[in-house]
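J.:
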Amino acid sequence: MNEVIKNILTRRSIRSYTDEQISDEDLNIILETAKFAPSYKGTQSWHFAVVQNKEKINQLISVIKEALQNSSIEQYKKMGNIPNFNPFYNAPTIIITACDKNSPEKEADSAVALENIMLAAHSLNISSCWISSLSIVRDDPKVIGILSELGIPENYTILGTAALGFSNNSNAKAAPRKEGTISIVK
Ligand SMILES: Cc1cc2nc3c(=O)[nH]c(=O)nc-3n(C[C@H](O)[C@H](O)[C@H](O)COP(=O)(O)O)c2cc1C
Numbered sequence: 001m002n003e004v005i006k007n008i009l010t011r012r013s014i015r016s017y018t019d020e021q022i023s024d025e026d027l028n029i030i031l032e033t034a035k036f037a038p039s040y041k042g043t044q045s046w047h048f049a050v051v052q053n054k055e056k057i058n059q060l061i062s063v064i065k066e067a068l069q070n071s072s073i074e075q076y077k078k079m080g081n082i083p084n085f086n087p088f089y090n091a092p093t094i095i096i097t098a099c100d101k102n103s104p105e106k107e108a109d110s111a112v113a114l115e116n117i118m119l120a121a122h123s124l125n126i127s128s129c130w131i132s133s134l135s136i137v138r139d140d141p142k143v144i145g146i147l148s149e150l151g152i153p154e155n156y157t158i159l160g161t162a163a164l165g166f167s168n169n170s171n172a173k174a175a176p177r178k179e180g181t182i183s184i185v186k
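First residue of the sequence shown? That's 1 in full-length UniProt numbering, and the numbers climb one at a time after it.
1. Specify, as a first and last residue, the run of the alpha helix (DSSP H) that Gly180 falls within.
2. Does Lys56 have its Cβ less than 8 Å from a Cβ in chain C?
3. Which runs of the alpha helix (DSSP H) spanning at least 4 residues fall entirely within the UniProt domain "Nitroreductase" (8–165), listed in chain order?
4. Assign Lys106 to one of two classes, buried (16 or more other C-beta atoms within 10 Å of its C-beta) or exposed (fewer than that).
5. Is the beta carbon of Arg15 closer than 8 Å to that of Cys129?
6. Measuring CA to CA, which of Leu164, Ala175 and Ile64 is closest to Asp19?
7. Compute every distance between the C-beta of Arg15 and the non-hydrogen atoms of ligand 1, then say whether any falls below 7 Å.
8. Rounded to whole angstroms, what's the CA-CA distance from Asn84 to Arg11? Just pull it up for me.
9. How would you call Arg177, buried or exposed, if buried means at least 16 neighbouring beta carbons within 10 angstroms?
10. Would you tell me roughly how many angstroms separate the C-alpha atoms of Gly80 and Asn102, rounded to the nearest one?
11. Out of Leu147, Glu66 and Ile158, which has the shortest C-alpha to C-alpha gap to Ser45?
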């Protein structure tokens, strides 16, 4: 099996991280792969905001928590009330992926970029996890305030966040794959 395929098949979502920061060199490679993802009509209408400042990450967590608690959706309210709520699992780096609100394929563009981020990270022995919490509360005024401080342009919306770092737990196993999800017509 070639290394690219092996990398795709062995990537797992990791939910526990050490304090060790990833190197700037690796971060730059990962960001380059995000920028080289395919995008709708080649528009590249995305922005990647990297946050490596613990204080900023904690600030973000606290506004996410508050916004979830204020949600009218019971499931989100519950999430916000989890004691020691930490959606980023103490990862030392997060990459918030935003796209122009007017881009017709913003969800797809962000998803392919995030997948590149996670696969590139894995190939560099860096663990990752896609995190949804920030996207859920992206329209909350306090969240918007912090996002603009982090460099996300106005009129951009959050579609997903990658947590990156070194795993505290190397036992993550893939769930069995569902049967019947492929049909081939020749
Ligand atoms: C759109 C999307 C949203 C996700 N949101 C979260 C999340 O908020 N928190 C989390 O721990 N994992 C999240 N995940 C990771 C999935 O739970 C994970 O990919 C799945 O359980 C399969 O595990 P694997 O990535 O190890 O193959 C998300 C994945 C995707 C694709």
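Ideal Cβ placement from N, Cα and C applies to all residues, glycine included.
T.: Checking against the coordinates, here is how it stands:
1. Neither: Gly180 is in no alpha helix (DSSP H) and is coded neither H nor E.
2. Given the protein chain composition of this structure (a single chain), no chain C is represented.
3. Within the UniProt domain "Nitroreductase" (8–165), the complete alpha helix (DSSP H) runs of at least 4 residues are 24–35, 54–69, 74–80, 106–123, 133–136 and 141–149.
4. buried
5. Going by C-beta atoms, Cys129 is nearer than 8 Å to Arg15.
6. Checked all of Leu164, Ala175 and Ile64; the closest Cα to Asp19 is Leu164.
7. yes
8. 27 Å
9. exposed
10. 29 Å
11. Ile158
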